[in-house]
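Novice: Chain order of the listed sequences is A and B. Last residue of the first sequence: 329 in my numbering, with the numbers rising by one and none dropped. Last residue of the second sequence: 227 in my numbering, with the numbers rising by one and none dropped. Quick reminder that beta carbons are idealized off the backbone N, C-alpha and C, glycines included. Sharing a structure here in structure tokens format.
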Amino acid sequence: MAVLVAADGKSKWIATLLLLLFSIQLSALELNAGKYGSMFYWWFDRLPSSTLYPPTISWDARSPAWWESIVRQAQEAGLGWLAPDAWGQASNADPATLGPLLAAIDKVAPRLKVAFFDDTTSEVLRKNLARGHGWTTGVRFDLADDAGTGEGGLTYFYEQQWRRFFQTVPARYRLTVDGRPVVFMWHGGYESYSNQNFFHHTLARLRQLVQRDFGVNPFVIVEESWVLLDPATEPDAVYDWFQPYKTFATLRTWNGFRVGHTVAGYDCSRCDPAGPTIERQNGLLYQAGLQAISTDSDLVLIEGFDNVDENAHLVETTAWGKLYLSITRWFASNVP
Amino acid sequence: MLSTAASSAAQSILAGVGVDHDIQRFPGNPDVNRLDGHAAGWMWLGGVTLFSHLTLRVEDSRGGRIVNSQAFTVDIDGRMPAIQSSLTHVTRSTAVLAGFTHALFARIHLTYLAGASSTRVRRTFSTNAPLFVLVGPSASNSSVSITTDDHSALIVGADVTAELAPHLGVIAGIRRQSLHVEPDVSGYGTRPLVGVIWRF
């Protein structure tokens, strides 16, 4: 471009125009779906005992009818995308088992997109199981050990997780930002990971592998804890997962991209072990959360569309009917 | 007298201004609907009558602000802030209509119209929630969202004009058209109107 500028006046104009067009392209962050999306869980063969508010639909993910009902309700809520909470190969949330979701999307809501959510607790659990420590987070995952000779291994992230998602979910189903498929990564944690300052390297390697195998550079949105643990991390955006008794709605800006996050309520009083509670207050808390983040977000990640384990769900129940679907839809319609 | 009126209406041009009252309804779940309401606005119109009975019109209606305000208190870790929000929308509609006109009495004409409307709905949502809900480092740089939707719709209407003086008259009428805002909210608007017209 500098050569063009030096050539003559006409070339200078062309160069300026090209530069302008390039700048416009750089600044445009284009989503291929509505900005509101939600976490999605699919490991159910029955309603968990921790569920306090039973959904109105039969709760069995082995049935295609369950997937279609979920997708239909997502559409009714005006969601643009779902983010399946993936736990990796050989788990009951293996991204390779998302075929029924795609079939339901084809049948019920062809415009609904899918984002990949890497539940980063799972890498620790799978590594420990493979290492003979059991299904536990008791032994930390070593991010410096790419080869997996010790207590780490990139394969737990890539071959067992990311690659299986990209192999299973074709490009036309993926949520994209500027054509780049969206990947969320959950918490990093001092208690679960060692050599956290290698996370930037892990992320860079994952990008390289996705580009090598699928020809796309993923738009990676990490939980803010990762950039605190490793400031050298270069994600595309950052979000901040809710924390009971501290915050139920967050909004973070990173590289100019704004990600909001909220939860309608949370009640883990029947979980094992018992956990905290965020009172729903008949939907008022959810409305306050969405009002707080919706006006200034490029993307809104809601926890969690069908999280009946922790009573964070939005789906229709016998307790609140379609209240949370309606609230979500209102924001999707009026604060798009 | 009748023949004079008919003759003057045979090929006439009219222009006018008026006020209207836009009554909008969006059916469906009230939880999803804060768009119902009404507002006064103003409009101008121009038209021509050909062959005594054929009327062509251009109308531009600029509606007033329809405001839906909401307030509630919510328990946020023991605090009870009042969360206030408003959804304001303004509708502007430009329509091309054609129709049939006939004399009801010597100086009074009835006109039935149908046509196409190009409509813009501008929604503004504002809230004070970020102030009370977000905890640093979370921050919202804007508590206002503005959305503009354009759509085309069928519009129908009828009006009556009365001649007060050789060129001056009054018009009263009604218009009805469908409304749509993205992604999929649909309703309809009904606009009674009154105004003054000038026939050239």
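I'd like to know whether the C-beta of residue 95 of chain B is nearer than 7 Å to at least one C-beta of chain A.
Specialist: It does not: the Cβ of residue 95 of chain B has no partner Cβ on chain A nearer than 7 Å.
Novice: Three-state secondary structure (DSSP) at residue 238 of chain A?
Specialist: Three-state result, residue 238 of chain A: coil.
Novice: May I ask you to list, following chain order, the residues of the stretch 160 to 186 of chain B that have a beta carbon less than 8 Å from some beta carbon of chain A?
Specialist: For the stretch 160 to 186 of chain B, which is checked against every Cβ of chain A, the residues closer than 8 Å are 160, 161, 162, 164, 165, 166, 167, 168, 169, 170, 171, 172, 174.
Novice: For the stretch 217 to 262 of chain A, list the beta strand (DSSP E) runs that are entirely contained and at least 3 residues long, ordered along the chain.
Specialist: Here the runs fully enclosed are 230 to 232, 242 to 247, 250 to 256.
Novice: Are residue 115 of chain B and residue 94 of chain B close, meaning C-beta to C-beta below 7 Å?
Specialist: Contact: yes.
Novice: For residue 80 of chain A, does the three-state DSSP call read helix, strand or coil?
Specialist: DSSP places residue 80 of chain A in coil when its eight states are reduced to three.
Novice: In chain order, what residues of the same chain have a beta carbon less than 8 Å from the beta carbon of residue 40 of chain A, not counting five sequence neighbours either side?
Specialist: Excluding residues within five positions, the ones whose Cβ falls inside 8 Å are 47, 48, 52, 301.
Novice: Indicate whether at least one CB of chain B lies closer than 7 Å to the CB of residue 262 of chain A.
Specialist: For residue 262 of chain A, the answer is no, since every Cβ of chain B falls outside 7 Å of its Cβ.
Novice: Would you kindly work out how many angstroms separate the C-alpha atoms of residue 121 of chain A and residue 136 of chain A, rounded to a whole number?
Specialist: Each residue's Cα considered, the two are about 14 Å apart.
Novice: Is the Cβ of residue 328 of chain A closer than 7 Å to any Cβ of chain B?
Specialist: Yes, residue 328 of chain A counts as interfacial toward chain B.
Novice: Checking contacts by CB at 7 Å: is residue 281 of chain A closer than that to chain B?
Specialist: So, interface residue.
Novice: I need the DSSP call for residue 215 of chain B, collapsed to helix, strand or coil.
Specialist: Three-state DSSP puts residue 215 of chain B in a strand.
Novice: Please return the same chain residues whose Cβ sits closer than 8 Å to the Cβ of residue 264 of chain A, not counting the five positions on each side in sequence.
Specialist: If we look at residue 264 of chain A and ignore the five residues flanking it on each side, its Cβ neighbours are 43, 302, 303.
Novice: What are the start and end residues of each continuous beta strand (DSSP E) run of 3 or more residues lying completely inside the stretch 125 to 151 of chain B, in chain order?
Specialist: Counting whole runs of 3 or more residues, the stretch 125 to 151 of chain B contains no beta strand (DSSP E) stretch at all.
Novice: Does residue 183 of chain A pass the burial test, meaning 16 or more other C-beta atoms within 10 Å, or should it be called exposed?
Specialist: So residue 183 of chain A ends up on the exposed side.
Novice: Using a Cβ cut-off of 7 Å (strictly closer), state whether residue 284 of chain A contacts chain B.
Specialist: Chain B contact via Cβ: present.
Novice: Would a check of beta-carbon distances place residue 288 of chain A closer than 7 Å to chain B?
Specialist: Output row for residue 288 of chain A: interface = yes.
Novice: In angstroms with no decimal places, state the Cα-to-Cα distance between residue 39 of chain B and residue 221 of chain B.
Specialist: Straight-line Cα distance between these residues: approximately 20 Å.
Novice: My understanding is that residue 31 of chain A touches residue 295 of chain A, with C-beta atoms under 8 Å, so please give their C-beta distance in whole angstroms.
Specialist: The pair is a contact, with the Cβ atoms about 4 Å apart (cut-off 8 Å).
Novice: Going by C-alpha distance, which of A/131, A/123, A/74, A/319 is nearest residue 103 of chain A?
Specialist: Out of A/131, A/123, A/74, A/319, A/74 has the C-alpha closest to the C-alpha of residue 103 of chain A.
Novice: Look up residue 225 of chain B in the DSSP assignment and give the residues it is bridged to.
Specialist: Beta-bridge pairing links residue 225 of chain B to B/42, B/195.
Novice: Just to confirm my understanding: we take residue 166 of chain A, look at its own chain, exclude 5 residues before and 5 after, and list those with CB closer than 7 Å. What are they?
Specialist: For residue 166 of chain A, where only same-chain residues beyond five positions count, the Cβ hits under 7 Å are 95, 98, 106, 107.
Novice: Quick one: what does DSSP say residue 155 of chain A is sitting in, helix, strand or coil?
Specialist: Looking at residue 155 of chain A - three-state DSSP - the assignment turns out to be helix.
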